[in-house]
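In this note's numbering, the protein residues as written are 649 to 842. Heads up: the structure comes next, in structure tokens.
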Amino acid sequence: MHRAKTLTIAGTLGFAIVSVIVILGGAASLDGFVYRIVAPLSGPLFAYVTELGSVKVLIALTFVGMLYCLWRGDKLEAFRLPLVVIGTLVLTQLLKRVYGIDRPLIDAALDATTYSFPSGHASGSLALYGLFAFSLYRRKYSPVWVAALVVLLVAVSFSRVILNVHYFSDVVGGWLVAFTVIAWSEWIIGRKNR
């Protein structure tokens with residue numbers, strides 16, 4: 649429980665620090681550097697990969713995951729999964745409105761019409777696929793499945809930079825939002841189980 653509380657605080661502080669850096673323009677050089685590295689990967693493959701982080705897909709998979717947890721008899725995880733994913737998505741949208749940072753490129757076909765920071769695809773992917781990976785890791789499933797989920801969430805997150813609809817700092821911000829929500833949920837579960 650103490651560790652989850654510490655991680656929640658660390659995630660919150662990390663997001664605050666990244667936010668200040670982004671607002672002050674301090675992330676521009678790193679954002680440009682990362683984009684120049686990943687831009688050659690742009691193409692139809694990542695237009696498909698990015699869809700795995702869309703709200704529709706995330707909500708559908710959350711529902712499937714919730715049903716699986718109920719079938720397995722894990723009511724707590726069945727409650728936690730939608731709370732974390734939907735909570736992360738809502739919090740991300742609120743933060744986008746608070747910060748009001750424009751995207752590098754607006755593209756409705758790529759689900760890129762709202763503000764840029766933090767990335768909803770990055771936060772949503774970490775919330776869902778990261779929570780799945782954490783759950784499998786904790787239950788001692790094969791590391792191959794855990795690694796596959798981590799690769800998936802990184803690919804979805806970076807697809808936004810590759811397609812030039814987000815900056816790298818947006819992805820980092822999105823990851824920190826989801827990380828904080830997941831850590832907070834662990835903290836709450838730990839307190840309930842005391």
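Each residue gets a CB set at the ideal place from its N, CA and C atoms; glycine is no exception. Predicted model, so just to flag it, every value in this text is computed and none were measured.
Taking the alpha-carbon positions, what's the Phe827 to Ala775 distance? Looking at the two C-alpha atoms, the distance is approximately 7 Å.
Between which residues of its own chain and Ala756 is the CB-CB distance below 8 Å, once the five residues before and five after are set aside? The pLDDT assigned to Ala756 is 49, lower than 50, so where the model puts this residue is not dependable; a value taken from the coordinates is nonetheless given after this. Excluding the 5 residues flanking it on each side, Ala756 has no same chain C-beta neighbour closer than 8 Å.
Quick one: what does DSSP say Pro766 is sitting in, helix, strand or coil? Of the three classes helix, strand and coil, the one that applies to Pro766 here is coil, per DSSP.
Cα-Cα separation, Val732 to Gly673: For Val732 and Gly673, the distance between alpha carbons rounds to 30 Å.
First and last residue of the alpha helix (DSSP H) that includes Asp750? Careful: Asp750 lies outside any alpha helix (DSSP H) and carries neither H nor E.
From which residue to which residue does the alpha helix (DSSP H) around Tyr716 run? It spans 703 to 720 - the alpha helix (DSSP H) in which Tyr716 sits, taken as one unbroken run.
Measure from the alpha carbon of Phe681 to the alpha carbon of each residue in Arg720, Phe816, Val794, Gly659, then state which is nearest. It is Phe816 whose Cα lies nearest to the Cα of Phe681.
Give the range of the alpha helix (DSSP H) segment to which Lys653 is assigned. Unbroken alpha helix (DSSP H) run through Lys653: 650 to 671.
DSSP three-state call for Gly674: helix, strand or coil? Coil, per DSSP.
Candidates Val794, Gly768, Thr660, of which the one nearest Ser702 by Cα: It is Gly768 whose Cα lies nearest to the Cα of Ser702.
Report the three-state DSSP secondary structure of Tyr815 (helix, strand or coil). Of the three classes helix, strand and coil, the one that applies to Tyr815 here is coil, per DSSP.
Exposed or buried, what is Tyr716 when buried is set at 16 or more other beta-carbons lying within 10 Å of its beta-carbon? The residue in question, Tyr716, is exposed, as its Cβ has fewer than 16 Cβ neighbours within 10 Å.
Which class does Ser690 belong to by DSSP, given the choice of helix, strand or coil? If DSSP states are grouped into helix, strand and coil, Ser690 belongs with coil.
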